[in-house]
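Below is one structure, written out as structure tokens; the observations come after it.
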Amino acid sequence: MRKRFIRLTIGNRVKMEISPYDTAQARIVYRL
3 MRKRFIRLTI GNRVKMEISP YDTAQARIVY RL
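Position one of the sequence shown corresponds to residue 3 (my numbering), numbered consecutively onward.
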């Protein structure tokens, strides 16, 4: 479920939230 789109460019640092069920999938929480 996508709440809001975070616009990223190469070199951005982001905070990611990794799914406890599938460690291959992660969600970008916010841009640092």
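Yeah, the Cβ is synthetic: ideal placement off N, Cα and C, and Gly gets one too.
Since N14 contacts R29 with CB under 8 Å, what's their CB separation in whole angstroms?
N14 to R29, Cβ: 15 Å. No contact.
Ordered along the chain, which non-local residues of its own chain (more than five positions away) have a Cβ less than 6 Å from that of V16?
The answer, listed in chain order, is I30, R33.
Can you tell me whether DSSP reads Y32 as helix, strand or coil?
Reduced to three states, the DSSP call for Y32 is strand.
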